[in-house]
Amino acid sequence: MASIGRQSRYTRTTLAHARCVRPPGAHPRTARCARATACAAVLLAWLLLPAGPAAADGVTVTPWGPPDTETFDHNDPPGDLPEGENGDAAPDVQWSATAYGGTWNPGTSTLTITSAGDFTLSGHTNIRLPDNADATLTGHENGHDRLSKDEYDRLAKKKVEDALKGFVGMSFVGTGATDADRLQSAKDQATAERDKRMKRAIDAIKQQMDVLNDKYDDLTEHGSSPTVDTPTGETKAKEEQAKAPPAGSAPVEPDPSKQESESHGMRMDFDEPTQKLVCGGFGIIDVTRTPFDPIYNRGRIALDSLIHVGTQLNGTIRLSDTRLQIIDMQNGDTLMNAYLLEPAYMPSHAPGYTAMIQGYLDVPPAWAGGVRNTINSPFLSGMQAASDAGWPTTAWIYTQAPLFDANGEPVIPPSGVPVTVVLGVGPAAVPAMPPWGVVGGLLLALGVAELLRRRKEAPARA
2 MASIGRQSRY TRTTLAHARC VRPPGAHPRT ARCARATACA AVLLAWLLLP AGPAAADGVT
62 VTPWGPPDTE TFDHNDPPGD LPEGENGDAA PDVQWSATAY GGTWNPGTST LTITSAGDFT
122 LSGHTNIRLP DNADATLTGH ENGHDRLSKD EYDRLAKKKV EDALKGFVGM SFVGTGATDA
182 DRLQSAKDQA TAERDKRMKR AIDAIKQQMD VLNDKYDDLT EHGSSPTVDT PTGETKAKEE
242 QAKAPPAGSA PVEPDPSKQE SESHGMRMDF DEPTQKLVCG GFGIIDVTRT PFDPIYNRGR
302 IALDSLIHVG TQLNGTIRLS DTRLQIIDMQ NGDTLMNAYL LEPAYMPSHA PGYTAMIQGY
362 LDVPPAWAGG VRNTINSPFL SGMQAASDAG WPTTAWIYTQ APLFDANGEP VIPPSGVPVT
422 VVLGVGPAAV PAMPPWGVVG GLLLALGVAE LLRRRKEAPA RA
């Protein structure tokens, strides 16, 4: 878990750290036009994103298996049992596949994939309980199993399909002394690529389960809550998750009438072995909506890693759910314990930024530890109130350079990409698609661009 640090391309003029944003050197009227053009352009970019490449031939999700329960001596618990836990439940997801198909060109030593093959998923939960476990503990761990099953049934197939998009059509050039050696070399590369994609799909499925189960533990206090029992905890965990718009939904902007905070100077890196986006740096909140908000220069955003799942049909890049916290830098306390659900990488609606990650920010109820506003921050109070009222609390991560190329492959340099993290409430201000469809939207964008051009050519007025 980490957070970030570095200056954005925006010029921010603050009066008692109240928010005032415009591109560098822009007249306010020009800034408004630029933002309108950017909003129209990003909506069109989102609507006109090309359909994703072909995925697997077929993905079969076999029924979730019964839990595998292991009992241990309560006087000698396993050494890897999480601290403070009397038992645990860990989901396990496996996959198998038939052979992929391809064509071999001996003249260029190139193998081109024509078929990904058929894939089969299976899963179950490994539960560990002490030999003196009571009905409450046993029921709580079985609740974890049911939640993992629900997540498996709901999204496992789509995650595999997203991860495999683009595999068909890839080409691999073999090396070696003979044609057979070169063919085997190309096959090995193709197998490694397929396995890499499946690993990130399985890891993403498990991380989704972990996030849902963490929410369940927060709500039930790991099964010890006197007010939230196992069935209630399961229901509420799924209810919160159901509020999130699907990953890759239309871009939205922060509602200017609601609370908002920003952190600049953070950086996004990519860890190739785990296929994870890692957000690192200081993550200090340096812009707030309310003047003199105590969270200013005191709260630090900490974002867990995001697994790169794959390209969706609308061209957005699906990422795994993860945890987002705000930490009090004065004493290390957790001020907000939230979850980033259904995040996706897409074109940015903010001028000065290349792209963005947008996701639903699930803030659990205060009684479940969503917000612990010990510093009397208007931002924290506003986010809790918005979440309780059913408003779409949202996180945006704006990037100053691309994170992925047109094929959905990561292009983050070793030095990372500067990002700005914004937490607020959406949607607002991104123009809705007119009723006459994509062509009408294109005409709208062209009209806005022409208006901006004419204003630039008009004599400057103070």
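When the letters of the sequence shown are read in order and numbered with the numbering used here, they come out as residues 2 to 463. Each residue gets a CB set at the ideal place from its N, CA and C atoms; glycine is no exception. For clarity, every value in this text was computed on a predicted model and none was experimentally measured.
DSSP bridge partner residues for residue i (one or two, in chain order)
| i | result |
| --- | --- |
| G281 | R268 |
| Q95 | S123 |
| Q359 | A345 and W397 |
| D69 | N127 |
| Q326 | A303 and N338 |
| A90 | I128 |
| V310 | DSSP lists no partner for V310. |
| T113 | T104 and S172 |
| E263 | V288 and V423 |
| P352 | None, per the DSSP bridge assignment. |
Residues near residue i in its chain [Cβ-Cβ closer than 7 Å; skip 5 each side]
| i | result |
| --- | --- |
| P255 | E261, V423, G425, V426, G427 and A429 |
| F405 | I318, Y346, P411 and V412 |
| R268 | I5, R7, G281, G282, G417, V418, P419 and V420 |
| P247 | E343 |
| A193 | none |
Boundaries of the beta strand (DSSP E) in which residue i is found, first to last residue
| i | result |
| --- | --- |
| R173 | First, the amino acid is wrong: residue 173 is Phe here, not Arg. S172 to V174 is the span of the beta strand (DSSP E), which, as asked, contains F173. |
| E152 | No beta strand (DSSP E) holds E152; the alpha helix (DSSP H) holding it covers A136 to L165. |
| Q276 | Taken as a continuous stretch (DSSP letters only), Q276 belongs to no beta strand (DSSP E), as it is neither H nor E. |
| R319 | I318 to L320 |
| W105 | G102 to N106 |
| D74 | Neither: D74 is in no beta strand (DSSP E) and is coded neither H nor E. |
| I286 | I286 to T289 |
| G59 | G59 to V62 |
| V423 | V418 to V426 |
| L82 | Neither: L82 is in no beta strand (DSSP E) and is coded neither H nor E. |
Integer-rounded CB distance, given that residue j should sit under 8 Å from residue i
| i | j | result |
| --- | --- | --- |
| R198 | A157 | With a Cβ gap of about 14 Å, R198 and A157 do not count as contacting. |
| W65 | K150 | 4 Å |
| G144 | G234 | 7 Å |
| A90 | D146 | 6 Å |
| D363 | L336 | No, D363 and L336 are not in contact; Cβ-Cβ is about 16 Å, not under 8 Å. |
| P295 | N377 | 6 Å |
| Y361 | T395 | 6 Å |
Residue span of the alpha helix (DSSP H) that contains residue i, given as start and end
| i | result |
| --- | --- |
| R195 | D180 to T221 |
| Q385 | P379 to D389 |
| Y340 | Note, Y340: premise wrong, no alpha helix (DSSP H); beta strand (DSSP E) at T335 to P348. |
| P232 | T231 to A243 |
Exposure of residue i, with buried meaning 16 or more beta-carbon neighbours within 10 Å
| i | result |
| --- | --- |
| Q95 | exposed |
| T176 | exposed |
| T137 | exposed |
| P415 | exposed |
| W368 | exposed |
| A178 | exposed |
| N214 | buried |
| P232 | exposed |
| D287 | buried |
| L352 | Correcting the residue identity first, residue 352 is Pro in this sequence and not Leu. It counts as buried. |
| G409 | buried |
| E273 | exposed |
| V439 | Confidence in V439 is poor, its pLDDT being 34 and thus under 50, which makes the residue's placement too unreliable to answer from. |
| F271 | buried |
| A243 | exposed |
| D77 | exposed |
| T312 | buried |
| H75 | exposed |
| D189 | exposed |
| D182 | exposed |
| S264 | buried |
| A245 | buried |
| F293 | exposed |
| D218 | buried |
Residues near residue i by beta carbon distance below 8 Å, same chain, minus five either side
| i | result |
| --- | --- |
| Q331 | R299 |
| V310 | K160, D163, A164, R201, A202, A205, I318, R319, L320 and S321 |
| T109 | V174 |
| A100 | G118 |
Close beta carbons around residue i, own chain, < 6 Å, minus the five adjacent residues each side
| i | result |
| --- | --- |
| A202 | K160, V161 and A164 |
| T289 | H18, S262, Y297 and F380 |
| P393 | G427 |
| H28 | Reliability fails at H28, whose pLDDT of 34 lies under 50, so the model's placement of it is uncertain and the value that follows must be treated cautiously. Within the same chain, H28 has no close Cβ partners at all. |
| M171 | I114 |
| T323 | D305, L307 and L341 |
| N329 | The residue you asked about is not Asn; residue 329 is Asp in the sequence shown. L336, listed in sequence order. |
| T121 | T61 and S97 |
| G383 | Q260 |
The ligand HEM heavy atom lying under 7 Å from the CB of residue i
| i | result |
| --- | --- |
| D218 | The ligand HEM is absent from the structure shown, which contains no ligands of any kind. |
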